[in-house]
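Everything below concerns the one structure shown next.
Residue numbers (the UniProt record's numbering): 1 to 144.
Structure representation (structure tokens):
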């Protein structure tokens, strides 16, 4: 095999079709676009995604469902059992320093999952009713 004998496989490369170049080419006059309609016009061939020819689109026919709170994305959940490894009073800064709360969170909420063994003091952190009861049962307190 020599470099000067290399060539692509038969049929791998086809010549570009030149449309609109006379009746003898087979693609003259309408250039393969057919007669009339939006696809025959220049610059009008695209139809927006979801367009159904003037009929009410499916996305507008279906009912609106659900609700997504903007606040929920800002609040990080911390499990009760994770608080055992922290020392002293627990506030939002302490949770962030312990990497229990992501950097994007603006507030944290303690959720009752597991138990807490020692008395802890929560300051400026939200807590569910069950988590609050468990903390107070262990001898701690929750300050708003």
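Even glycine gets a Cβ: it sits at the ideal position worked out from N, Cα and C.
- Counting along the chain, the unbroken beta strand (DSSP E) around residue 107 starts and ends at 107 to 111.
- In the same chain as residue 86, and ignoring 5 residues on each side of it, the C-beta atoms closer than 7 Å to its own belong to 94, 98, in chain order.
- Counting along the chain, the unbroken beta strand (DSSP E) around residue 76 starts and ends at 75 to 79.
- Here residue 122 carries a strand assignment [DSSP, helix/strand/coil].
- Ranked by Cα distance from residue 141, the options 105, 107, 89, 50 are led by 89.
- Here residue 38 really is in contact with residue 45; their C-beta atoms are around 7 Å apart, less than 8 Å.
- Taking C-beta atoms under 8 Å as the contact rule, residue 112 and residue 130 qualify, at a distance of about 4 Å.
- Within the same chain, no Cβ atom closer than 6 Å to the Cβ of residue 23 is found once the five residues on either side in sequence are excluded.
- When rounded, the separation of the alpha-carbon atoms in residue 82 and residue 114 is 9 Å.
- Cα atoms of residue 16 and residue 58: separation of roughly 39 Å, rounded to the nearest angstrom.
- CA-to-CA, the gap between residue 105 and residue 96 works out to about 9 Å.
- In this structure, DSSP gives residue 136 a helical state, which the three-state scheme calls helix.
- For residue 60, the enclosing alpha helix (DSSP H) starts and ends at 58 to 61.
- Under the 10 Å beta carbon count, residue 71 is surrounded by fewer than 16 other beta carbons and is classified as exposed.
- For residue 96, the enclosing alpha helix (DSSP H) starts and ends at 92 to 97.
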